[in-house]
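Just so we're aligned, residue 10 is where the first sequence starts under our numbering, counting upward by one.
Beta carbons: idealized from backbone N, C-alpha and C, even for Gly.
None of these values were measured; they are calculated from a predicted model.
Structure record follows, encoded as structure tokens.
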Amino acid sequence: MIQRPRGTRDFGPAEMAGRRAVEQAMRNTCHRFGFGEVVTPTFEQAELFTLRSGEEIVDEMYVFRDKGNREIALRPEITASVIRFFVNEMSTMPKPLKLYYVGNCFRYENPQSGRYREFFQLGAELIGNDNPETDAEVISLAVECMRSTGLHNFDVRIGHIGILKSLITEEIEDGAIAGNVLRMIDKEDFDAVGQTLEANGISGSLLESITAIAGTKGGVDVLESIEETEAHEHLRELFEILKLYGIDDCQLDLGIVRGLDYYSGMVFEIDAPKLGAEKQVLGGGSYTLSELFGGEPVFSTGFAIGIDRVMLALEAEKEAPEYAPMDVFVVPTEDAMRKYAFAIVSKIRARGLRADVDLMRRNMSKSLKYASSKGARLAVIVGKDEMAKRSVTLRDMKSGEQTLVPADLVAEELEKALENQSSEQS
RNA sequence: GCCGGGGUGGGGUAAUGGUAUCCUUGGGGACUGUGGAUCCCCUGACCCGGGUUCGAUUCCCGGUCCCGGCCCCA
């Protein structure tokens, strides 16, 4: 037996139906916001990712040499690819440029709950500006994407990395130390921050400022409690616009650092609190990556959603949609009737209904049992007595009610019956 | 990379130093044109490798995969 590689998954028809429904809901939301889909390669030159995040991420990527001795990496995320695409081929398109993507990503990490080596992301990038209305548009899209999946329980936290970054780079000249300090702040390990500052002979008052900023959480008004910066007005405007978009339940959290990455301005995260250690389902913010890849500096704001975690969160809320793979099952009463059954199933399928027919040469009793176990809502019984009247029997699998309908009109009659069933349910 | 808990038919389980129970699913049959019923039959499993042993699914070691957590999380 050949096993699946560690950290990968197979998805069966029922699970895929749920995943596609969620994905489709989010795609529709992106389109409603004017975002167009892009697809980029599953693998890229490894440099694309190391340029942005440093050599050490090679350890966490699937990297290999191809037959031309090129260093290739399976993408660990898609933002870098989208920006590369933008720089290479779309830089002269009218701004703002609104792009979204869906795809699988790969990270060589230890799997655990909500964390896989192959996982799926849907993300969006808005290229062109970094003003509050841009940020609001992106956050609004992110929130609407989450809402569209049917998920109820999630927390939106918005921060601004610029506040901490400018404070720290002002006070700490050594970039490496500044980076370490940011990393410690992200982990909320302020003791370590204090020790690092002390070890480098930096005034303890910086630690006070840092803890004050990182601890700034709550409504927009908590901004008043810390020293006014450029970012303050930006955030106030952002929250105001979000309110106009119908998003008034997000928290301000200036402690969001999002690791050591490329974000420079607004940053935001969405958590699903019902999940365990890996509860973050979405992360994003504004950044300038384009010049790193050889383009003009252009501001962008984007986010990525962990589709797998969204699915887990929906399961935790028991929102998994029902999966009925078929509407109609056609069953012949005897072998001589099979050829009529095929003609009829074909007619039903042509009408756009999901129809299936017995392929196992089962008797009628077993066929009905199969239809029932597959969740068919209706059965069409093709028998000799009916055919004598150029008709078939239509059976409601729930009630057991049966009616005789003309064979030429099966599809239409089925359609009506299905509509009736649906309206009774709702 | 580290820590803890696990791997018995497709799924769920029981027992055991002498190759395995039960349920379910799947396939077939009875019921000879009406279904989640009943009865009968069949397919199908001890994660992999090494060690101890006359003999290992069972005990020991290593690996692998799964579950959860740490680190990390672009």
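Rounded separation between residue i and residue j - CA only
i: Val354; j: Met406; result: 17 angstroms
i: Arg79; j: Glu53; result: 10 angstroms
i: Arg93; j: Tyr71; result: 19 angstroms
i: Glu24; j: Tyr332; result: 9 angstroms
i: Asn113; j: Pro85; result: 9 angstroms
i: Asp139; j: Gly285; result: 33 angstroms
i: Glu142; j: Phe248; result: 10 angstroms
i: Lys393; j: Ser376; result: 17 angstroms
i: Ala416; j: Arg358; result: 14 angstroms
i: Ser90; j: Lys283; result: 32 angstroms
i: Val339; j: Leu423; result: 11 angstroms
i: Asp257; j: Val391; result: 58 angstroms
i: Asn372; j: Val414; result: 22 angstroms
i: Thr87; j: Ser175; result: Inspection of the sequence shows that residue 87 is occupied by Ile rather than by Thr. Whole-angstrom Cα-Cα distance: 28 angstroms.
i: Lys288; j: Gly123; result: 8 angstroms
i: Gly384; j: Glu69; result: 44 angstroms
i: Ile250; j: Ile167; result: 13 angstroms
i: Arg13; j: Met320; result: 21 angstroms
i: Val48; j: Cys39; result: 15 angstroms
i: Asn97; j: Lys356; result: 50 angstroms
i: Glu324; j: Thr225; result: 32 angstroms
i: Gly77; j: Asp344; result: 60 angstroms
i: Pro120; j: Val290; result: 16 angstroms
i: Leu108; j: Arg386; result: 40 angstroms
i: Ser157; j: Ser408; result: 34 angstroms
i: Ala350; j: Thr402; result: 12 angstroms
i: Ile17; j: Arg318; result: Inspection of the sequence shows that residue 17 is occupied by Thr rather than by Ile. Their backbone Cα atoms lie some 14 angstroms apart in a straight line.
i: Phe58; j: Pro334; result: 41 angstroms
i: Gly293; j: Val147; result: 9 angstroms
i: Met193; j: Ser382; result: 55 angstroms
i: Glu246; j: Val229; result: 10 angstroms
i: Pro22; j: Arg116; result: 25 angstroms
i: Ser309; j: Gly137; result: 6 angstroms
i: Arg404; j: Tyr254; result: 49 angstroms
i: Met35; j: Leu106; result: 19 angstroms
i: Phe42; j: Ser149; result: 9 angstroms
i: Glu233; j: Gly227; result: 11 angstroms
i: Arg126; j: Leu83; result: 11 angstroms
i: Ile235; j: Glu433; result: 58 angstroms
i: Tyr110; j: Glu46; result: 5 angstroms
i: Ala185; j: Phe95; result: 30 angstroms
Paired residues, beta bridge with residue i - DSSP
i: Asp280; result: Asp164 and Gln289
i: Gln54; result: Ile81
i: His241; result: Partner(s): none; His241 has no beta bridge.
i: His169; result: Met275
i: Lys226; result: Asp262
i: Ala133; result: Tyr109 and Phe312
i: Val190; result: According to DSSP, Val190 bridges with nothing at all.
DSSP state of residue i mapped onto helix, strand, coil
i: Arg124; result: strand
i: Cys259; result: coil
i: Thr220; result: helix
i: Leu298; result: coil
i: Ala333; result: coil
i: Val339; result: strand
i: Arg28; result: helix
i: Thr143; result: helix
i: Ser212; result: coil
i: Gly203; result: helix
i: Pro15; result: The residue you asked about is not Pro; residue 15 is Arg in the sequence shown. It is coil, neither helix nor strand.
i: Gly184; result: helix
i: Phe248; result: helix
i: Thr3; result: With the chain represented from 10 up to 435, any question about residue 3 goes unanswered, as that position is not in the structure.
i: Glu46; result: strand
i: Phe20; result: coil
i: Ser347; result: One detail in the question is off: residue 347 reads as Arg in this sequence, not Ser. Three-state result, Arg347: helix.
i: Arg74; result: strand
i: Leu65; result: The question names Leu, yet the displayed sequence has Glu at residue 65. In this structure, Glu65 counts as helix in the three-state DSSP scheme.
i: Thr59; result: helix
i: Asp317; result: helix
i: Arg41; result: helix
i: Ile148; result: helix
(request) Determine, using beta-carbon pairs with one atom in the segment 178-186 and one in the segment 161-170, whether at least three such pairs fall under 8 angstroms. (result) Inter-segment contact for the segment 178-186 and the segment 161-170 is absent: fewer than three beta-carbon pairs are separated by less than 8 angstroms.
(message) Assess contact between the segment 260-279 and the segment 236-250, defined as three or more Cβ pairs (one per stretch) separated by less than 8 angstroms. Is contact present?
(response) In this structure the segment 260-279 touches the segment 236-250; the number of beta carbon pairs closer than 8 angstroms is three or more.
(request) Would you list, in sequence order, the uninterrupted beta strand (DSSP E) runs of no fewer than 3 residues that lie entirely inside the segment 84-122? (result) For the segment 84-122, whole beta strand (DSSP E) runs of length 3 or above, ordered along the chain, are 106-115.
(request) Kindly provide the ranges of any beta strand (DSSP E) runs that are 3 or more residues long and lie completely inside the segment 355-417, ordered along the chain. (result) Taking only runs of at least 3 residues, the beta strand (DSSP E) segments lying wholly in the segment 355-417 are 364-366, 387-391, 400-405 and 411-415.
(request) Taking 8 angstroms as the threshold, find out whether the segment 197-205 comes into contact with the segment 295-303 through three or more Cβ pairs. (result) The segment 197-205 vs the segment 295-303: no contact.
(request) Evaluate the contact criterion for the segment 358-367 versus the segment 423-433: three or more CB pairs, one atom per stretch, below 8 angstroms. (result) Counting Cβ pairs under 8 angstroms, three or more are found: they touch.
(message) Taking 8 angstroms as the cut-off, does the segment 128-139 touch the segment 304-316 (at least 3 CB pairs, one atom from each stretch)?
(response) Segments in contact, yes.
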